[in-house]
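Participant: Numbering (the UniProt record's numbering), first residue to last: 1 to 155.
Could you have a look at this structure, given as structure tokens, before my questions?
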């Protein structure tokens with residue numbers, strides 16, 4: 001649930017505000033984590049339709065009308081890439097233990113220019129032209145799993 005939602009709902013003013021916590025909010029957008037019991041329950045099943053409202057506004061209004069608590073958190077989390085083979089739900093804070101299994105290594109090597117991009121800041125992405133002008137290859141991942149997002153832009 002983006003920090004923008006917190007700024008509007010709680011008026012913490014800056015998207016880079018150091019304030020962390022959990023807030024009960026009337027409106028969320030950007031990302032939803034929905035408890036599985038809601039999806040299995042026909043009377044509480046999430047709906048993105050409500051009159052002429054935009055889908056995100058309709059979703060939130062429908063949840064409020066059903067008495068479903070919505071909240072936003074910007075608490076710092078560790079190990080956001082969860083490996084289901086090592087994720088132990090018996091731990092009190094299982095995400096914390098995923099720190100030790102996060103991906104290491106990797107990066108991108110541009111063959112034509114003989115240069116590599118490694119150790120990007122956490123959360124950053126590398127965006128570059130495609131194969132014709134920037135022929136590239138992935139560098140070896142020494143630990144964990146490599147996730148690649150590809151997008152084709154047709155100007």
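Beta carbons: idealized from backbone N, C-alpha and C, even for Gly.
Fair warning: this is a prediction, and the values are worked out from it, not measured in the lab.
Quick check: the Cα distance between residue 138 and residue 117, rounded to an integer number of angstroms?
Facilitator: Taking the straight line from one Cα to the other gives about 10 Å.
Participant: Buried or exposed: which applies to residue 106, given that a residue is buried once 16 or more other Cβ atoms fall within 10 Å of its Cβ?
Facilitator: buried
Participant: Using only CA atoms, which one of 61, 28 and 109 lies nearest to residue 52?
Facilitator: When only C-alpha atoms are compared, the closest one is 61.
Participant: Could you have a look at residue 70 and say whether DSSP puts it in helix, strand or coil?
Facilitator: coil
Participant: By the DSSP assignment, the alpha helix (DSSP H) with residue 59 in it spans what residues?
Facilitator: Element bounds for residue 59: 55-65.
Participant: Could you tell me whether the stretch 127-146 touches the stretch 106-115, using the rule of 3 or more Cβ pairs below 8 Å?
Facilitator: yes
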